[in-house]
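Some notes on the structure that comes next.
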Amino acid sequence: EGKHTNLCPFIAGGMSWNMGSYNPKTGLLYKVGNEWCMDLEIKKTTPVLEPMAQLNIGADFNITHPQGDKAHGHVSARDPITGKLKWEVKFPEPPLASLLSTGGNVLFVPDARGWLRAYDARDGKELWSHNNGQGHNGGIITYKAKGKQYVAVMTGWGGLAGDDYAA
């Protein structure tokens, strides 16, 4: 108790947090990566179970930079069989939303600063961008109505991330 431990990645870091996207045309898996760490102060905690179970890791924690680097995020395109990196785009902070790849080889990436970007799914070249005015923290979909293709993305902060990014 009272002991500090630095842990990388952060509880919401690494490559397993948000939904990735697979494109059968390119044969690539697209995934968000979050490169940030956490300083844990180990302490005895009491689990909160009502009205529902809440986060309890037996420690208080603060987000920290990885050693020798700054916290950042990236989107990578990899061969899902070999894991070989095809391309990668870095962001100043971890993108916290899910990705969407389309049959037209476009990859949509919503980011924490409110930008929705479209990349060529084959090489990572940016094709288009638009700022929605608020950060993204949720899902993204595409749908067709009356012969026209649309992309819909959720904006705004909520949940665990809202506390840190709203300020």
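Sequential numbering from 11 applies to the sequence shown in the numbering used here. By construction, the Cβ of each residue, glycine as well, lies at the ideal position given by its N, Cα and C atoms.
Around the CB of H146, 16 or more other CB atoms lie within 10 Å, so the residue is classed as buried.
Put simply, the region 65–78 does not touch the region 28–41. Fewer than three CB pairs are less than 8 Å apart.
Contact check between the region 100–120 and the region 81–89: three or more CB pairs, one atom from each, fall below 8 Å, which counts as touching.
A direct Cα-Cα distance of roughly 5 Å separates R127 from V119.
Within a 10 Å sphere around the beta-carbon of S111 sit 16 or more other beta-carbons, which makes this residue buried.
The region 56–69 and the region 38–46 do not touch, with fewer than 3 CB-CB distances between them shorter than 8 Å. Comparing alpha carbon positions, the residue from K156, G93, G166 closest to N141 is G166. Burial check for G78: the Cβ neighbour count within 10 Å stays below 16, so the residue is exposed. As the crow flies, the alpha-carbon of P19 is around 14 Å from that of I67. In the three-state DSSP reduction, Q159 falls in the strand class (E or B). In this structure, L38 is the residue among L38, L106, L109 with its C-alpha nearest to the C-alpha of T92. Per DSSP, D89 lies in no beta strand (DSSP E) segment and is marked neither H nor E. Looking at the backbone, the Cα of K53 and that of T152 are separated by about 45 Å. In the DSSP annotation of this structure, V58 is not part of any beta strand (DSSP E), being labelled neither H nor E. Taking the Cβ atoms as the reference, G12 lies roughly 7 Å from E51, within the contact range of under 8 Å.
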